[in-house]
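Participant: According to the UniProt record's numbering, the sequence shown is numbered sequentially starting from 1.
Beta carbons: idealized from backbone N, C-alpha and C, even for Gly.
Treat the numbers as computed from the prediction; the structure is a model and nothing was measured.
One structure, as structure tokens, below. Some questions next.
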Amino acid sequence: MYVFSQVFVELNELLMDKNQEMHWKETARWIKFEEDVEEETERWGKPHVASLSFRSLLELRKTISHGAVLLDLDQKTLPGIAHQVVEQMIISDQIRAQDRANVLRALLLKHRLVSPLRISKKLLFFGLHKTKSKHELKLLEKIPEDAEATVVLVGSVDFLDQPTMAFVRLQEAVLLESVLEVPIPVRFLFVLLGPPNANIDYHQIGRSISTLMSDKHFHEAAYLADERQDLLTAINSFLDCSIVLPPSEVGGDELLHSIARFQREMLHKRHEQEVKLQAKEPKSPEDTDDPLRRTGRLFGGVIRDARRRYPKYISDFKDALSPQCMATVIFIYFAALSPAITFGGLLGEKTDGLIGVSELIISTAVQGMVFCLLGAQPLLVVGFSGPLLVFEESFYSFCRSSEIEYLTGRLWIGIWLIIIVVLTVAFEGSFLVRFVTRFTQEIFSFLISLIFIYETFFKLGKVLRCFLLFMSPDASQTLNQPNTALLSLVLTAGTFFIAFYLRKFKNSAFFPGTLRRAIGDFGVPIAISTMVLLDYSIKDTYTQKLSVPDGFSVTSPDKRGWLIHPLGSDGQFPIWMMVASILPALLVYILIFMETQITTLIVSKKDRMLVKGSGFHLDLLIIVVGGGVSALFGLPWLTGATVRSVTHANSLTVMSKAVAPGDKPRIQEVKEQRVTGFLVALLVGLSIVIGDVLRQVPIAVLFGIFLYMGVMSLNGIQLTERMMLLFMPPKYHPDHTYVRKVRTLRMHLFTCLQLVCLAVLWAVMSTSASLAFPFVLVLTVPFRRFLLSRIFTHREIQCVRTHEQLKEPPKPLWIIQVTTQH
């Protein structure tokens, strides 16, 4: 398949300077949008969507139909190209033989650039005349590395009697000295010269061909063209997706909105036709390598995951050599430590100290390091979650009421977990993830994010209530600290807002790009450091600090040790419970299976453009077996933590620097590596060693990180957007597929059904029926598959599942402006 290069277009016009000498002057350029040179200030104007006159396009099509077309011209220099162009003009009877010298001289005139490279005498002395200027470097950042240029030359001359045109495609792209403002190889040239009194607008025709060449479809057609007719067909296709705006004084946002909407529909139809054509093309083995496709062999999925991922093992360490990865380590360290401490404290309360902060920190560290070294998708962050906390509380209550040793029961659950996961991956059971549609993914992701947000305000509210009454949170002593509640609120809000706005600052227009990206990457560490220093500077106000255990000891040494006996502390653990533990093991397995696999689906979604693949079978095996072994030491089992994993992937996402002026940044790559996750897990384990330092961090700062992760993870969930649409008039709805192709009431009904499922899950999780939570979560799959298919049509469900905007794939807005002459 032919690989098309990105395009850079430069328009040069033939003008006369103050010394009455002719020269080519750069007047406009296209990276994606048009930028014009402002005559008064001699600087570049703002990028904008090109608006073309209908007549200029007709004139362009006419000139191409009668002009010279040279395809795959084998020339390496501008004089060589110019000689071939002139000869072809003579052959096509566009110019006379006696005009050869004048036309050739015109084509080889000097080019005047807007921002020419200024070379000092010192640079010339040392032979450094090819050093790139600051302007060149800045512009090259906006242009993709594989870009090839189109040079457009238009203007009027006195020695011609009629217009002459040439369209040239070089056999190989070549660098032409002093023609372009940046050193980019030239692939296409367009020349239009003619007499001043010709009834054509050279400038507008130059803009028209430049705009056409900046259009993805036309310039691809220009690459593939075998003859003149292919170019004319491509112009007709361009016109088919353009809009003629009749002369009128009516304007305003409503007119622009209606025009944009009409054209988006036309572009979307063209895109759908292209998708249908691509679907008919034979797919390569890489395209058909579905990680959930069953092989039909025992452990076939695990073996395939290992074969796909492990050959890239060395690159998983090389790709971590980036400052962005260092910033990620610092951020995700606190993002992983805060849940470990918070959930550890809650576990200690729910289990009467049998499992607490120490156990959860050690489990997070050990299982995290093992997973990062062996897993197929090391972007996953292994951690404890709210649903697992609900299960632990329910199972502890059951064991206490049945007079069964809780830790021994967990050990047998761990044994059954290993058996269940081995059987599942042996028969490639992860293929069941195919049935977990976006309906369930969104509900579960929203629930996990909601738990983070709820825990933030619940714990913060507890601090506020206690200290507003001048009491410590554990009510063990009276504290005359009336400012504690206020300072805790300031620390939480300050951490959240600093981290939130510094992330947005990364894509703002302030400061140079390198500094702006550095500030954005280190936004969370900056927020944490700022708030910790603020707390440290306020000496006369008490704030609750992190509670980190001393050394590697269990939370309650008087109640348990590090090793759990399978027969209980007295050797009398009931045999029936050993067998019956398979039931709670199934519940735990469903929780780990659903959260881990859904997290993998979210992290590996297409728009993140991961290139190293994922491993549903292998990752599930490592996480569940690790949890089963951990139960032998009385450590919590963990899962692929949704919020932390999504945050981890987002912080490792690199946005493209090669962004056309006026365009939005797009994902360039994600740093897929094992180092950040491993270092985070290691630092979490070492947190016990640096306990004295961490005890200076206010817990309110971690509340802010909790809130930040919860809010940021909500941003990528379509359910969040559709919830906001419930309170928005339809005229303000965005141009998403699920908005424009599904009736508003039907869309709201779909959203409300998801909210009902979410409310049911929250209610089950918050009541004594919490052990049933995994089963209720699984029931959302058949609910979507069988019940929703009776309420909604297949087309409606597909539209809601699709998150793209109608304007995708992104295209410029071509409006042909028809004007009246007075």
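Express the C-alpha separation of G375 and R304 in angstroms, rounding to a whole number.
Facilitator: Rounded to whole angstroms, R304 to G375 spans 13 Å at the Cα level.
Participant: Among the residues of its own chain, which have a CB less than 8 Å from the CB of R434, if the five just before and after it don't count?
Facilitator: Counting only Cβ-Cβ distances below 8 Å, and skipping sequence neighbours, we find L292.
Participant: Would you mind working out which of G627, L486 and A509 sits nearest P665, comparing C-alpha positions?
Facilitator: That would be A509, whose Cα lies nearest to the Cα of P665.
Participant: Have a look at E13 and F750 and give me their C-alpha separation to the nearest angstrom.
Facilitator: Taking the straight line from one Cα to the other gives about 57 Å.
Participant: Is the stretch 616-626 touching the stretch 573-581 in the sense that three or more CB pairs, one from each, lie closer than 8 Å?
Facilitator: Too few Cβ pairs lie closer than 8 Å, so no.
Participant: Could you give the residue range of the beta strand (DSSP E) that holds E35?
Facilitator: Segment E34 to E38, the beta strand (DSSP E) holding E35.
Participant: Throw me the rounded Cβ distance for the V7 and M213 pair, which I believe falls under 8 Å.
Facilitator: The pair is a contact, with the Cβ atoms about 6 Å apart (cut-off 8 Å).
Participant: Which residue wins for smallest C-alpha separation from A340, given the options A769, G685 and V764?
Facilitator: Residue G685 is the option with its Cα nearest to A340.
Participant: So L360 and F384 are in contact, right, with Cβ under 8 Å, and what is the actual spacing, rounded?
Facilitator: Between F384 and L360 the Cβ distance is about 6 Å, and since that is below 8 Å, they are a contact.
Participant: By DSSP, does M22 sit in helix, in strand, or in coil?
Facilitator: Three-state result, M22: strand.
Participant: Cβ atoms of L380 and T599: under 8 Å apart, would you say?
Facilitator: Yes, these two residues count as a Cβ contact at 8 Å.
Participant: Looking only at its own chain, which residues have a Cβ that is under 7 Å from the Cβ of F126, when we skip the five neighbours before and after it?
Facilitator: Since pLDDT at F126 reaches only 36, below the 50 mark, its modelled position is unreliable, and no value is offered.
Participant: Check whether the Cβ atoms of I64 and F167 sit closer than 8 Å, and answer yes or no.
Facilitator: Yes. Within cutoff.
Participant: Going straight from the alpha carbon of K506 to that of V421, what length do you get?
Facilitator: Between K506 and V421, the C-alpha separation is close to 42 Å.
Participant: Between which two residues does the beta strand (DSSP E) holding P192 run?
Facilitator: Residue identity differs from the one stated: residue 192 is Leu in this sequence, not Pro. From DSSP, the beta strand (DSSP E) with L192 extends over V186 to G194.
Participant: What residue from R740, M594 and R695 has the CA that sits closest to V781's CA?
Facilitator: When only C-alpha atoms are compared, the closest one is M594.
Participant: Cβ of residue 828 within 8 Å of Cβ of S488?
Facilitator: In the structure displayed, the chain extends from 1 to 822; residue 828 sits before or after that span and is not available.
Participant: As a quick exercise: from F706, V711 and M747, pick the residue whose alpha carbon is nearest that of L726.
Facilitator: Checking every option, the nearest Cα to that of L726 belongs to M747.
Participant: Cutting at 7 Å between CB atoms, please list the residues of its own chain near S237, excluding the five before and the five after it.
Facilitator: If we look at S237 and ignore the five residues flanking it on each side, its Cβ neighbours are H217.
Participant: Can you list the alpha helix (DSSP H) stretches of 4 or more residues lying completely in the stretch 290-345, in chain order?
Facilitator: Entirely contained in the stretch 290-345, the alpha helix (DSSP H) runs reaching 4 residues are, in chain order, 300-309 and 315-318.
Participant: With DSSP run on the structure shown, which of helix, strand or coil describes W762?
Facilitator: In this structure, W762 counts as helix in the three-state DSSP scheme.
Participant: Measure the alpha-carbon distance for V69 versus A82 and round it to whole angstroms.
Facilitator: Cα to Cα, the separation comes out at about 13 Å.
Participant: Check whether the stretch 695-711 touches the stretch 493-500, taking contact to mean three or more Cβ pairs, one atom from each stretch, closer than 8 Å.
Facilitator: A contact exists between the stretch 695-711 and the stretch 493-500.
Participant: Between the stretch 637-648 and the stretch 621-628, do at least 3 Cβ pairs fall closer than 8 Å?
Facilitator: Flag = yes, the stretch 637-648 and the stretch 621-628 touch.
Participant: Less than 8 Å between C-beta atoms, sequence neighbours within five positions excluded: which residues of the same chain meet that for S156?
Facilitator: For S156, where only same-chain residues beyond five positions count, the Cβ hits under 8 Å are L14, L193, G194, P195, P196, A198 and Y202.
Participant: What did DSSP end up calling W562 once you bin it into helix, strand or coil?
Facilitator: Here W562 sits in coil by DSSP.
Participant: Specify the secondary structure class of I590 as computed by DSSP and reduced to three states.
Facilitator: In the structure shown, I590 sits in a helix (DSSP, three-state: H, G or I).
Participant: What do you reckon, are the CB atoms on L447 and E392 nearer than 8 Å?
Facilitator: In this structure, E392 does not lie closer than 8 Å to L447 by Cβ.
Participant: By the DSSP assignment, the alpha helix (DSSP H) with D570 in it spans what residues?
Facilitator: Looking at the DSSP string, D570 is not in any alpha helix (DSSP H), and its letter there is neither H nor E.
Participant: Under a three-way DSSP split, which group does Q668 fall into?
Facilitator: It is a strand residue.
Participant: Could you tell me the distance, in whole angstroms, from the CA atom of S430 to the CA atom of T424?
Facilitator: The straight-line gap from Cα to Cα measures roughly 7 Å.
Participant: Can you list the alpha helix (DSSP H) stretches of 4 or more residues lying completely in the UniProt domain "Band 3 cytoplasmic" (130-250), in chain order?
Facilitator: The qualifying runs are 134-142, 202-214, 216-224 and 228-240.
Participant: Use the C-beta contact count for C466: other C-beta atoms within 10 angstroms, 16 or more gives buried, fewer gives exposed.
Facilitator: Buried, since its Cβ has 16 or more Cβ neighbours within 10 Å.
Participant: Suppose you measure from the CA of L137 to the CA of V182; what does that come to, to the nearest Å?
Facilitator: Using only the alpha carbons, I get a separation of about 9 Å.
Participant: Quick one: Cα of residue 823 to Cα of V9, how far?
Facilitator: Residue 823 lies beyond the stretch modelled for the chain, which goes from 1 to 822, so this question has no answer here.
Participant: Which word fits H111, buried or exposed, when buried means at least 16 other C-beta atoms lie within 10 angstroms of its C-beta?
Facilitator: With 16 or more other Cβ atoms within 10 Å, it is buried.
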